[in-house]
Amino acid sequence: MNPVYGGQQSPVVRIEQLEYIAAVTRSGSLRRAAEELHLSQPALSETVRNLERELGVDLLERKRSGAKISDEGRELLPHIMSVLDAVDRLRGAAGDQHRISRMVRLGTVNTATVPLVIPTVREFRPRTR
Numbered sequence: 327m328n329p330v331y332g333g334q335q336s337p338v339v340r341i342e343q344l345e346y347i348a349a350v351t352r353s354g355s356l357r358r359a360a361e362e363l364h365l366s367q368p369a370l371s372e373t374v375r376n377l378e379r380e381l382g383v384d385l386l387e388r389k390r391s392g393a394k395i396s397d398e399g400r401e402l403l404p405h406i407m408s409v410l411d412a413v414d415r416l417r418g419a420a421g422d423q424h425r426i427s428r429m430v431r432l433g434t435v436n437t438a439t440v441p442l443v444i445p446t447v448r449e450f451r452p453r454t455r
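See the structure below:
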């Protein structure tokens, strides 16, 4: 079920659909994009058609010689790429958060090893921040 905003249903757009449009645009054909994405061409075509239906816009011009981005798709492409760039930044930031939040616990059974361990820990710590 699509979310409703302002009394109207909002289209549901999945990131993978936007990635598929970018791949078709980059490769210039559904067949090559499907190979690049490790998908069957019918699965890629169906996913793109579903996105076009959700948005109410033909994003691709399909011909026997291949598919290329339509005029409407070309207008939307900067927005698609902006969303994909934002997703990449989000994934990167989430990865950074994961790395920052890691904790290292160190135990030693002999107090004589502490003078050896402390310099190593001090050296290691700046790399974890």
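With positions in the sequence shown counted from 1, the corresponding number in the numbering used here is that position plus 326. In this text, a Cβ means the ideal position worked out from N, Cα and C, and glycines have one as well. Note that the structure is a prediction, hence the values are computed from the model and not measured.
Between the CA atoms of residue j and residue i - distance to the nearest angstrom
i: Asp384; j: Glu449; result: 57 Å
i: Gly399; j: Gly421; result: 32 Å
i: Leu403; j: Val443; result: 54 Å
i: Tyr346; j: Arg390; result: 19 Å
i: Ala359; j: Ala393; result: 10 Å
i: Val413; j: Ala348; result: 14 Å
i: Leu365; j: Pro445; result: 52 Å
i: Arg352; j: Gly382; result: 22 Å
i: Ser396; j: Leu416; result: 29 Å
i: Ala419; j: Asp411; result: 12 Å
i: Val435; j: Thr373; result: 59 Å
i: Glu361; j: Gly354; result: 12 Å
i: His405; j: Thr439; result: 57 Å
i: Val409; j: Ile341; result: 8 Å
i: Gln367; j: Arg375; result: 12 Å
i: Thr437; j: Met407; result: 56 Å
Nearest-angstrom Cβ-Cβ length linking residue i and residue j, presumed shorter than 8 Å
i: Leu377; j: Gln335; result: The pair is not a contact, with the Cβ atoms about 15 Å apart (cut-off 8 Å).
i: Glu380; j: Val339; result: 6 Å
i: Leu356; j: Leu370; result: 6 Å
Simplified DSSP state of residue i, which is helix, strand or coil
i: Leu386; result: strand
i: Asn436; result: coil
i: Leu344; result: helix
i: Ser371; result: helix
i: Ser366; result: coil
i: Gly354; result: coil
Residue i - partner residues in DSSP beta bridges
i: Ala393; result: Arg388
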